[in-house]
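Trainee: Numbering (this note's numbering), first residue to last: 12 to 376.
Even for Gly, the Cβ is constructed at its ideal location relative to N, Cα and C.
One structure is given below, represented as structure tokens, and several questions about it will come after.
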Ligand SMILES: [Mn+2]
């Protein structure tokens, strides 16, 4: 018995909305979903679980038709579908009385029920969200029936306002498998009886790493699971270390190389770390031209020689400013920022006033 376990597809979501990528990403979510269904033509599975949040918001009727069409192309696969907190069953939701294809079982109430998978000895227990939040622990007391065959719980939630549960309770509740949804990071719990496939495509900048779905088999009471990356792209965090002799061109070359190595389709979040020369200013916009670089964070600090500066400026505001910080043993991050931003500003003002003074001097001469 083979199955695919999907969750949190979020059709209709627009990651990177407002940028040129927004429309592309919206389409890619649909494309990837379609690709997963089409993969079943070549490598058939008996069961497909979609554990909530297939849609990012209330589905449109035409969207349900598209999804149902795709399901109708895999008539030998039983599809189990629940609504999650994002696509919850509103009173007038098109989900409510949609005429699904014969191979689709949609759980249309918040109350738990059990559905048998056609001729197969497979029993699936699930429900849908009828509201945005369900703080009750609905899954704590769910137990499988006694019929011979496989008993699977399809569940959505796991945080405080979305059906909190303890995975250990779920894993030992007697189900052959618990197909989870809601948490967007893929995770197989110890024992391998409960798992989140994660979101099919990464939906925002915090969802870095690989995204896709789970494929599994049931054999002699054992579940075997494997994760299949399927997303068109990933968010990749890259950090570039900076030293005093690091130049802009140097940074650009290193980033170019990294993007080539990790794939130019991916979306890059770049952070610059380390100590730069005090007179260097990096230009993030030039790094952003090198590919899908969507964010550059400059956390570098100027490499001031604090001792030397303190001596040179002793008796002035700059000198006392440095001294006040150097008295402390360990600076917090905020203090460190205050020291470097403050010092940069003071030195700039100092330079400016010196220049003004020099100009005046020259004029006076
Ligand atoms: Mn959810």
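Over what stretch of residues does the beta strand (DSSP E) that includes residue 124 continue unbroken?
Mentor: That run of the beta strand (DSSP E) goes 124–127.
Trainee: Could you give the first and the last residue of the continuous alpha helix (DSSP H) run that contains residue 38?
Mentor: Segment 32–53, the alpha helix (DSSP H) holding residue 38.
Trainee: Tell me which residues share the same chain as residue 259 and place their Cβ nearer than 7 Å to its Cβ, disregarding the 5 neighbours each side in the sequence.
Mentor: Excluding residues within five positions, the ones whose Cβ falls inside 7 Å are 293, 294 and 297.
Trainee: Give every residue of the same chain whose Cβ lies closer than 6 Å to the Cβ of residue 137, excluding the five residues on either side of it in the sequence, and list them in chain order.
Mentor: So the qualifying residues of the chain are 93, 118 and 165.
Trainee: Pull up the CB-CB distance for residue 281 and residue 304, whole angstroms please, since I reckon it's below 8 Å.
Mentor: Correct: roughly 6 Å between the Cβ atoms.
Trainee: For the alpha helix (DSSP H) that residue 180 lies in, which residues bound it at each end?
Mentor: Note, residue 180: alpha helix (DSSP H), 178–182.
Trainee: Run the CB neighbour count on residue 450, radius 10 Å, all protein chains shown included, and call it buried at 16 or more, exposed below.
Mentor: Because residue 450 is not part of the residues shown, which for the chain are 12 to 376, the question remains open.
Trainee: With DSSP collapsed to three states, give me the class of residue 156.
Mentor: It is coil, neither helix nor strand.
Trainee: Could you name the residues that DSSP lists as bridge partners for residue 281?
Mentor: For residue 281, which the question treats as bridged, DSSP gives the partners 249 and 307.
Trainee: Does ligand 1 have even one heavy atom less than 8 Å from the beta-carbon of residue 222?
Mentor: Residue 222: no, Cβ never under 8 Å from ligand 1.
Trainee: Name, in chain order, the residues that DSSP records as bridge partners for residue 345.
Mentor: Per DSSP, none; premise fails for residue 345.
Trainee: Say the cut is 8 Å; is the CB of residue 173 nearer than that to a heavy atom of ligand 1?
Mentor: Yes, the Cβ of residue 173 comes within 8 Å of a heavy atom of ligand 1.
Trainee: Quick one: what does DSSP say residue 146 is sitting in, helix, strand or coil?
Mentor: The answer is coil: DSSP assigns residue 146 none of H, G, I, E or B.
Trainee: Decide yes or no for the touch test of the stretch 201–213 against the stretch 131–151: beta carbon pairs closer than 8 Å, at least 3 of them.
Mentor: Output reads no: the stretch 131–151 does not touch the stretch 201–213.
Trainee: Closer than 8 Å: is that where the CB of residue 95 sits relative to any heavy atom of ligand 1?
Mentor: Correct: residue 95 has its Cβ closer than 8 Å to ligand 1.
Trainee: Compute the minimum distance between the beta carbon of residue 193 and the heavy atoms of ligand 1, and state whether it is under 8 Å.
Mentor: The answer is yes for residue 193.
Trainee: Name the one or two DSSP bridge partners that residue 230 has.
Mentor: According to DSSP, which records beta bridges pairwise, residue 230 is partnered with 233.
Trainee: Do the CB positions of residue 52 and residue 98 come within less than 9 Å of each other?
Mentor: Contact flag unset, no.
Trainee: Excluding the 5 residues preceding and the 5 following residue 330 in the sequence, name in chain order all residues of the same chain whose CB lies nearer than 6 Å to its CB.
Mentor: 321 and 324, listed in sequence order.
Trainee: Expressed to the nearest angstrom, what Euclidean distance is found between the alpha-carbon atoms of residue 105 and residue 223?
Mentor: Their Cα atoms are separated by approximately 27 Å.
Trainee: Taking residue 133 as part of the alpha helix (DSSP H), name the residues at either end of that continuous run.
Mentor: Residue 133 -> not in any alpha helix (DSSP H); beta strand (DSSP E) instead, spanning 133–137.
Trainee: What does the alpha-carbon distance come out to for the pair residue 127 and residue 77?
Mentor: Taking the straight line joining both Cα atoms gives about 25 Å.
Trainee: Is it the case that the CB of residue 23 approaches a heavy atom of ligand 1 more closely than 8 Å?
Mentor: No, the beta carbon of residue 23 sits no closer than 8 Å to any heavy atom of ligand 1.
Trainee: In terms of residues, what are the limits of the alpha helix (DSSP H) holding residue 62?
Mentor: Note, residue 62: premise wrong, no alpha helix (DSSP H); beta strand (DSSP E) at 58–62.
Trainee: Name the residue from 226, 27, 16 and 13 whose alpha carbon lies nearest to the alpha carbon of residue 306.
Mentor: That would be 27, whose Cα lies nearest to the Cα of residue 306.
Trainee: Going by beta carbon distance, what residues of the same chain come within less than 7 Å of residue 239, once the five residues before and after it are set aside?
Mentor: For residue 239, where only same-chain residues beyond five positions count, the Cβ hits under 7 Å are 223, 224 and 226.
Trainee: Given a threshold of 16 other Cβ atoms within 10 Å of its Cβ, counted over all protein chains shown, does residue 345 qualify as buried or as exposed?
Mentor: Flag for residue 345 reads exposed.
Trainee: With H, G and I counted as helix, E and B as strand and the rest as coil, what does DSSP make of residue 95?
Mentor: In the structure shown, residue 95 sits in coil (DSSP, three-state: anything other than H, G, I, E or B).
Trainee: May I ask whether a heavy atom of ligand 1 can be found less than 8 Å away from the beta carbon of residue 10?
Mentor: Coverage of the chain is limited to positions 12 through 376, which leaves residue 10 absent and any answer about it impossible.
Trainee: What is the C-beta distance between residue 162 and residue 200, in whole angstroms, given that I count them as a contact (C-beta under 8 Å)?
Mentor: With 8 Å as the limit, residue 162 and residue 200 do not qualify as a contact, their Cβ atoms being about 17 Å apart.
Trainee: Identify, in the order they occur along the chain, each residue of the same chain with its Cβ nearer than 7 Å to the Cβ of residue 112, setting aside the five sequence neighbours on each side.
Mentor: Here the set comprises 79, 82 and 83.
Trainee: To the nearest angstrom, how far is the alpha carbon of residue 96 from that of residue 63?
Mentor: Roughly 8 Å between the two C-alpha positions.
Trainee: Taking only heavy atoms of ligand 1 into account, decide whether any of them is closer than 8 Å to the Cβ of residue 168.
Mentor: Yes, the beta carbon of residue 168 sits closer than 8 Å to at least one heavy atom of ligand 1.
Trainee: In whole angstroms, give me the CA-to-CA distance for residue 38 and residue 190.
Mentor: Their backbone Cα atoms lie some 26 Å apart in a straight line.
Trainee: Can you tell me which of the three DSSP states residue 164 falls into?
Mentor: Correct three-state label for residue 164: strand.
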